[in-house]
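This report refers to the structure that appears directly beneath it.
Residue numbers (the numbering used here), protein chains in the order written: chain A, 940 to 1147; chain B, 940 to 1147.
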């Protein structure tokens, strides 16, 4: 038996899971990956629902068996006290502001468009084809909110790359797969390059 | 001119705004309320978009002009170091887990069903009538996740009522207005009564 290690229950293509891998890599926190299938129902089995009644990944399993779902909560907890969080309360409040923005106003359009347009079966996409214009309109609105912030700031909270940047990077950097044109958002594009240039960066396609 | 005071830009019927009023009342933090209309576009005017480019309330304006949107970030910031947050990192991680759960898996169905079924114009509801079954199915799934947690715990994080409970209370206590039957969730119903019995409770309909 090897040394005890955190286990990330995940799907490799999921931007929410990628955020956790990226924070782990940046902070040098070793973890094992347990992979689930994209549309095979494997996060809705009775065994998985015992681990997370909400039936979703990412789910972080600690060495002692404690379990934590929700990418935002996971990356907040992993990075408490580290250089990936600002050290004053006001900047931390803004960090959380952008993390909640991402989950409510960005992910449901940008990640969802990417999923159905790029990863789902064609017949499943056809059932949702009428939703594509709304995904694109609301996703572009979210990118515009980011653009207006980045016209005046290098990072989303405080003076360095924080978990707010990582949370937004997760699905923004691959938004092209959902039919978004990132070149229309030059400040966002420049910020994506800044995030990817940080030491310890990990591309989405790579394991931990 | 009166003493400087925080201003909450809000809509009285919004559960997201109610969370902020409730935390302020519990902690004895005075604030003025600035009311916006429900469907009159008043949070999408150029003047408001300068305050919050995402065009949403709640938005908290501090005495010195600093601005913070996103209910989750606002109530986290207002309650840092108070009895409304657990004092250890693991319980705080679980607090955030439930706050992200609420914004991603609960509010988009339970709050949205309540809004369109109860507050919107009938002709606007009719355009969305085909979405009601999905709102109800996913909203009930969220209530079931809460029920399973509350079958084993009094509160969502740590050993006392925290901002995770307040975040979930906001739209759960009025879910009946969206066509949800709370009596089907006895542990949720008992928890709602526990939250409402806390000192300094404030009903949704009351101003600060």
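We put the CB at the ideal spot given by N, CA and C, even for glycine.
Bear in mind the structure is a predicted one, so any value in this text is a computation, not a measurement.
Can you tell me which of the three DSSP states residue i falls into?
i	result
residue 1022 of chain A	coil
residue 1002 of chain B	coil
residue 948 of chain A	strand
residue 974 of chain B	strand
residue 968 of chain B	coil
residue 1138 of chain B	coil
residue 940 of chain B	Only weak support exists for where residue 940 of chain B lies, its pLDDT of 43 falling under 50; the value from the coordinates is given anyway. In this structure, residue 940 of chain B counts as coil in the three-state DSSP scheme.
As a quick exercise: from the options, pick the residue whose alpha carbon is nearest that of residue i.
i	options	result
residue 1023 of chain B	B:958, B:1112, B:1145, B:1142	B:958
residue 1040 of chain B	A:1011, A:1064, A:1071	A:1011
residue 1081 of chain A	A:1124, A:1069, A:1146	A:1124
residue 1137 of chain A	A:1094, A:1000, A:1088	A:1094
residue 974 of chain B	B:1035, B:946, B:967	B:946
residue 1021 of chain B	B:1049, B:995, B:993, B:965	B:965
residue 1097 of chain A	A:1055, A:984, A:1105, A:1027	A:1027
residue 1129 of chain B	B:1053, B:1066, B:1146, B:1087	B:1087
residue 995 of chain B	B:1131, B:1009, B:1005	B:1009
residue 1090 of chain B	B:1057, B:948, B:1126	B:1126
residue 1058 of chain B	B:949, B:1047, B:977, B:1146	B:977
residue 1103 of chain B	B:1134, B:970, B:1076, B:1075	B:1134
residue 992 of chain B	A:1075, A:1101, A:1142, A:1085	A:1085
residue 1002 of chain B	B:1132, B:969, B:1131	B:969
residue 1119 of chain B	B:979, B:1045, B:1015	B:1045
residue 1038 of chain A	B:1013, B:943, B:1072, B:1117	B:1013
residue 1078 of chain B	B:1117, B:1092, B:1056, B:1063	B:1117
residue 1019 of chain B	B:955, B:950, B:1101, B:979	B:1101
residue 1105 of chain B	B:989, B:979, B:1139, B:1000	B:1139
residue 1005 of chain A	A:1063, A:954, A:944	A:944
Following the continuous alpha helix (DSSP H) through residue i, name the residue where it begins and the one where it ends.
i	result
residue 1145 of chain A	Looking at the DSSP string, residue 1145 of chain A is not in any alpha helix (DSSP H), and its letter there is neither H nor E.
residue 995 of chain A	Unbroken run through residue 995 of chain A: none, as it is neither H nor E.
residue 1068 of chain B	No alpha helix (DSSP H) contains residue 1068 of chain B, which DSSP labels as neither H nor E.
residue 1098 of chain B	That residue, residue 1098 of chain B, is in no alpha helix (DSSP H); it is neither H nor E in DSSP.
residue 1122 of chain A	Segment: none, residue 1122 of chain A is in no alpha helix (DSSP H) and carries neither H nor E.
residue 1053 of chain B	1046 to 1053
residue 1031 of chain B	1028 to 1040
For residue i, is the classification buried or exposed, using 16 other Cβ atoms within 10 angstroms of its Cβ as the cut-off for buried?
i	result
residue 1069 of chain B	exposed
residue 1033 of chain A	buried
residue 1122 of chain A	exposed
residue 1053 of chain B	buried
residue 1025 of chain B	buried
residue 960 of chain A	buried
residue 984 of chain B	exposed
residue 971 of chain B	exposed
residue 1109 of chain A	buried
residue 1061 of chain A	exposed
residue 1132 of chain B	exposed
residue 997 of chain B	buried
residue 1073 of chain B	exposed
residue 1065 of chain A	exposed
residue 967 of chain B	exposed
residue 963 of chain A	buried
residue 940 of chain B	In this predicted model, residue 940 of chain B has a pLDDT of only 43, less than 50, meaning its place in the structure is not dependable enough to derive any value.
request  = Check each residue of the region 1080 to 1103 of chain B: if its Cβ is closer than 7 angstroms to any Cβ of chain A, include it; give the result in chain order.
outcome  = 1084, 1087
query = For the region 1022 to 1051 of chain B, which residues have a beta carbon sitting closer than 9 angstroms to at least one beta carbon of chain A?
reply = 1028, 1029, 1031, 1032, 1033, 1034, 1035, 1036, 1037, 1038, 1039, 1040, 1042, 1043, 1044, 1046, 1047
query = For the region 1126 to 1139 of chain B, which residues have a CB atom closer than 8 angstroms to at least one CB atom of chain A, in sequence order?
reply = none
Residues, ordered as in the chain, of the region 1006 to 1021 of chain B that lie near chain A by beta-carbon distance below 7 angstroms = 1007, 1008, 1009, 1011, 1012, 1015, 1016, 1019
query = Residues in the region 978 to 999 of chain A with C-beta within 7 angstroms of chain B's C-beta atoms, listed in sequence order?
reply = 992, 993
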